[in-house]
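Report on one structure; see the data block that follows.
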Amino acid sequence: MGSVSVPQRRAFLVGGLAASAAVITGCSAKSEAGTPVAKVAAGSAPTPSPAAAGARPDSPRTAFDRLMEGNTRWVDGKPQHPDQTPERRTFVAEEQKPYSAILSCIDSRVPPELVFDTGIGDLFVMRTGGHVVAPVVTGSVEYGPLTAGTSLIVVLGHQRCGAVKAAYKALKDNQPLPGNLQSIVEALRPAYQEVSKQKHADPVDAMIRAHTRQTAADLRRSSNLSPLLRKREVAVVSAYYSLDTGRVEVLGGAPAA
Ligand SMILES: [Zn+2]
Numbered sequence: 000m001g002s003v004s005v006p007q008r009r010a011f012l013v014g015g016l017a018a019s020a021a022v023i024t025g026c027s028a029k030s031e032a033g034t035p036v037a038k039v040a041a042g043s044a045p046t047p048s049p050a051a052a053g054a055r056p057d058s059p060r061t062a063f064d065r066l067m068e069g070n071t072r073w074v075d076g077k078p079q080h081p082d083q084t085p086e087r088r089t090f091v092a093e094e095q096k097p098y099s100a101i102l103s104c105i106d107s108r109v110p111p112e113l114v115f116d117t118g119i120g121d122l123f124v125m126r127t128g129g130h131v132v133a134p135v136v137t138g139s140v141e142y143g144p145l146t147a148g149t150s151l152i153v154v155l156g157h158q159r160c161g162a163v164k165a166a167y168k169a170l171k172d173n174q175p176l177p178g179n180l181q182s183i184v185e186a187l188r189p190a191y192q193e194v195s196k197q198k199h200a201d202p203v204d205a206m207i208r209a210h211t212r213q214t215a216a217d218l219r220r221s222s223n224l225s226p227l228l229r230k231r232e233v234a235v236v237s238a239y240y241s242l243d244t245g246r247v248e249v250l251g252g253a254p255a256a
């Protein structure tokens, strides 16, 4: 990441996202020459770890490729743990510009930073039971593309999702779950209804995949994201993680090369 020069960052900021980024202020700092970030980049020159070598992915496709390369290392048992050094921590301390945003389940076996072999400052990560969304979650997903030039959003479902399995059973048996758990069930109702139209050998797995695709489709229709998608500055990918193999399978929305 040390090779991400200030001119690159500034050129990026003056792109189409700058106006949107100005709407929200928060933990994403402005990038100006002379900031501590620039000093680190030009001065102490932290040594990027191997996988972080090269420019920060600045398009949906390059972000997608970076993630899938990381997943291949994870599957092969050869993670490089990039961007996890003290130098990297210092490099991103003043400003973060994660290249991807991952919406995934709370499942303890699906940690996005490990699954995609990434490090500090690489990903925005939103995790909810069954990766269901509500306005606050959608706002969190939109935060990266609107403020930090994040160009890829991945909705990551996974094999044997307990939340989807519980929701499937609750809806099938018409037995609401107690308290707030029912709100997750209700968020999964559209996927249940889609799957119920046909016979499936594994209806829960079909529901996981349907829900993942539906969530991605809903995000693509977001009023904040759809203009960025039309300009191809952002892509929303739906994907499925295998607990057995560690592999991320793309379900839809892979950005064009
Ligand atoms: Zn899950």
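Be aware that the sequence shown starts at 0, since it is given in numbering that gives the first Met the number 0, and climbs by one per residue. In this text, a Cβ means the ideal position worked out from N, Cα and C, and glycines have one as well.
For residue i, does the count of other Cβ atoms within 10 angstroms reach 16, so buried, or fall short, so exposed?
i: ASP82; result: buried
i: ARG87; result: buried
i: ASP201; result: exposed
i: ASP116; result: buried
i: ARG220; result: exposed
i: ALA283; result: This structure leaves residue 283 out entirely; the chain is present only between 0 and 256.
i: GLY252; result: buried
i: ALA173; result: Checking the displayed sequence, the identity of residue 173 turns out to be Asn instead of Ala. Label assigned to ASN173: exposed.
i: ARG229; result: exposed
i: ASP121; result: buried
i: GLY69; result: buried
i: ALA100; result: buried
i: ARG231; result: exposed
Under 7 Å from any heavy atom of ligand 1, does the C-beta of residue i make it?
i: HIS210; result: no
i: HIS80; result: no
i: GLY161; result: yes
i: GLY129; result: yes
i: ASP106; result: yes
i: HIS199; result: no
Short of 6 Å in beta carbon distance, which residues of its chain neighbour residue i, apart from the five on each side in sequence? Order them along the chain.
i: ALA256; result: ARG60
i: PRO49; result: Low confidence applies here, because PRO49 scores a pLDDT of 43, under 50, leaving its location unreliable and the question unanswered by this model.
i: ALA205; result: VAL194, HIS199
i: ARG126; result: SER103, ILE105
i: ALA186; result: VAL131
i: VAL184; result: ALA166, ALA169, LEU176
i: GLU248; result: TYR239
Considering only residues of the same chain and omitting the five flanking positions on each side of residue i, which have a CB-CB separation below 7 Å?
i: LEU250; result: ARG208, THR211, ARG212, SER237, ALA238, TYR239
i: SER139; result: MET125
Whose C-alpha, out of the options, is nearest the C-alpha of residue i?
i: LEU242; options: THR89, LEU122, TYR142, LEU155; result: LEU155
i: ASN223; options: ASP121, GLU141, GLY118, LEU113; result: GLU141
i: LYS96; options: ALA54, ARG231, ARG246, HIS157; result: ALA54
i: LYS164; options: GLU93, GLY128, ASN179; result: GLY128
i: ALA92; options: ILE119, GLY245, PHE63; result: ILE119
Under 8 Å Cβ to Cβ from residue i, same chain only, skipping five residues before and after it: list those, please.
i: VAL233; result: PRO59, PRO144, THR149, SER150, LEU151, ILE152, LEU224, LEU227
**Asked** Counting pairs of Cβ atoms below 8 Å between the segment 178-192 and the segment 103-112, do you hit three or more?
**Response** no
**Item:** Cβ pair count under 8 Å reaching 3, the segment 163-183 against the segment 144-151
**Value:** no
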